[in-house]
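Data block below; observations after.
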Amino acid sequence: MILALATALMVAIHVAGAYLGLRGSPIPREAGIPISLFEAVYWIAAYPYAPLLAAVFAPIHVAGAAAYLTGVLGRFATERRLRAYGVYEAVELAALLYLSYLTLRPPS
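If you use our numbering, the sequence shown closes out at 110, no skipped numbers anywhere.
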């Protein structure tokens with residue numbers, strides 16, 4: 003149940019992230035740091051439910067959280083890169099919707 007609620011929050015975050023990214027707008031650093039830490043923990047916790055997805059997304063998010071914390075990410079933010087990030091966020095959103103299905107479906 004906790005993972006289902008966390009997944010709902012992740013879906014909301016990624017809808018916003020995809021929208022902002024596709025517009026070429028960044029996520030403000032004040033929000034991005036806690037979000038990046040939450041996402042890193044989320045993908046580590048999701049491993050038992052979707053090992054392949056977690057194996058792909060957990061390292062990306064742990065590295066992303068480190069990049070946010072050190073300020074490296076902001077130095078590389080251009081409108082073109084932010085649009086590409088928006089596409090990535092949309093792909094991750096699709097993975098999250100699949101994970102929602104896995105965590106919310108009735109047991110078989």
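Where is the CB? At the ideal position from N, CA and C, for every residue including glycine.
Residue i Cβ short of 8 Å to the ligand MG heavy atom set
i: P50; result: Summarising the ligand content, the structure contains no ligands, and the ligand MG is consequently not present.
Beta-carbon proximity of residue i to residue j, cut-off 9 Å
i: A114; j: L55; result: Residue 114 is absent from the model: the chain starts at 3 and stops at 110.
i: L5; j: T105; result: yes
i: L98; j: T9; result: yes
i: V13; j: S102; result: yes
i: R31; j: G76; result: yes
Contacting residues, own chain, Cβ-Cβ under 8 Å from residue i (five flanking each side not counted)
i: Y100; result: A52, L55
i: A79; result: P28
Close Cβ partners of residue i (< 7 Å) along its chain, the five nearest in sequence each way excluded
i: L84; result: G23, G26, S27, P28
i: G73; result: none
Closest Cα partner of residue i within the set the options
i: A33; options: L71, L95, S102; result: L71
i: I35; options: F59, H63, A57, V58; result: H63
Cβ neighbours of residue i in the same chain (closer than 6 Å, five flanking residues each side left out)
i: E91; result: H16, G19, A20, G23
i: F2; result: The structure shown does not extend to residue 2, since the chain is modelled only from 3 to 110, so the question has no answer here.
i: E81; result: G26
Q: Give a yes or no on contact between the stretch 62 to 74 and the stretch 26 to 46, applying the rule of three or more CB pairs nearer than 8 Å.
A: yes
(Q) If we require 4 or more residues per run, which alpha helix (DSSP H) segments fall completely within the stretch 49 to 108? (A) Those alpha helix (DSSP H) runs which fall completely within the stretch 49 to 108 and span 4+ residues are 53 to 72, 74 to 77, 81 to 106.
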